[in-house]
Ligand code: TMP
């Protein structure tokens, strides 16, 4: 069972994932949480290149392949073994981020990005995707505030203009429309408690 969490910057994915881990662990489920890009040593190294605002602009195809390399390693080292052990895997971002950011955001051909996603995943696909939806300006303000507060250099995508983030948002919208059985939209403007109870309900339906 693979459950992924998607959304623009500042949509609250990591807070919600911790709550789902807690809820599932409390009910005796074997669950692990991981993150993209990251989750492996290679992934962390690629993350520092891809997210560091000092990296500056990259060729969109180079960016696509770096994210895909991080995913391939994460599948090999973490996700596939955990699934084979019968664990529930929660992943902070996955294939839909690549489609939304490199496809819709950067303007790479959607079908090409989708094909690379399928090739990298080789049959492992999310059973459920929670799309945390909130307005672009709200999410960006939250994310930039958090980066400043933590003195973080991970601002490469936050530096992109509102038009870029609006295209990404439209990407998530159209993925959700195309795959309504897998991708469930949750309004992330509500309180943390309301959002997490909706998510936990969706997760429980998916795993039961
Ligand atoms: P986050 O850890 O705050 O979600 O940051 C990850 C950033 O990387 C976010 O801006 C989205 C971006 N990203 C892509 O552009 N493509 C991808 O395939 C993934 C996984 C993330």
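Numbering (our numbering), first residue to last: 1307 to 1514. The beta carbon of each residue, even a glycine, is placed where N, CA and C say it ideally should be.
Given this structure, state the Cα-to-Cα distance separating residue i from residue j, to the nearest angstrom.
i	j	result
residue 1409	residue 1458	26 Å
residue 1367	residue 1331	39 Å
residue 1413	residue 1405	10 Å
residue 1344	residue 1385	12 Å
residue 1485	residue 1468	26 Å
residue 1425	residue 1492	28 Å
residue 1356	residue 1397	18 Å
residue 1473	residue 1354	24 Å
residue 1363	residue 1373	15 Å
residue 1401	residue 1437	12 Å
residue 1509	residue 1375	28 Å
residue 1500	residue 1323	14 Å
residue 1334	residue 1326	12 Å
residue 1399	residue 1341	7 Å
residue 1465	residue 1456	16 Å
residue 1498	residue 1352	30 Å
residue 1311	residue 1365	26 Å
Just to confirm, does residue i get its C-beta within under 7 Å of one of the non-hydrogen atoms of the ligand TMP?
i	result
residue 1343	yes
residue 1516	What the structure shows of the chain is the stretch from 1307 to 1514, and residue 1516 is not part of that stretch, so it cannot be assessed.
residue 1403	yes
residue 1356	yes
residue 1399	yes
residue 1371	no
residue 1379	no
residue 1463	yes
residue 1415	no
residue 1315	yes
On the DSSP bridge list, what partners appear for residue i?
i	result
residue 1339	1396
residue 1489	1435
residue 1308	1395
Excluding five sequence neighbours on each side, which residues of the same chain lie with their C-beta closer than 6 Å to the C-beta of residue i?
i	result
residue 1434	1309, 1512
residue 1461	1359, 1453
residue 1475	1314, 1442
residue 1411	1470, 1473, 1474
Just to confirm my understanding: we take residue i, look at its own chain, exclude 5 residues before and 5 after, and list those with CB closer than 8 Å. What are they?
i	result
residue 1419	1370, 1404, 1405, 1408, 1409
residue 1430	1308, 1381, 1385, 1386, 1389
residue 1525	Examination of residue 1525 is not possible in this model, given that the chain is present from 1307 through 1514 alone.
Who are the near neighbours of residue i in its chain, counting only those whose CB is closer than 7 Å to its CB and skipping five residues on each side?
i	result
residue 1329	1506
residue 1518	Any question about residue 1518 goes unanswered here, given that the chain covers just 1307 to 1514.
residue 1423	1401, 1404, 1405
residue 1450	1464
Within the present structure, is the beta-carbon of residue i separated from the nearest heavy atom of the ligand ADP by less than 7 Å?
i	result
residue 1386	Absent from the structure shown: the ligand ADP. Ligands present: the ligand TMP.
Mind checking if residue i is an interface residue toward chain C, Cβ cutoff 8 Å exclusive?
i	result
residue 1354	This model lacks chain C altogether, as it is built from one protein chain only.
Which residue spans inside the segment 1403 to 1488 form an unbroken beta strand (DSSP E) run of at least 3? 1434 to 1439
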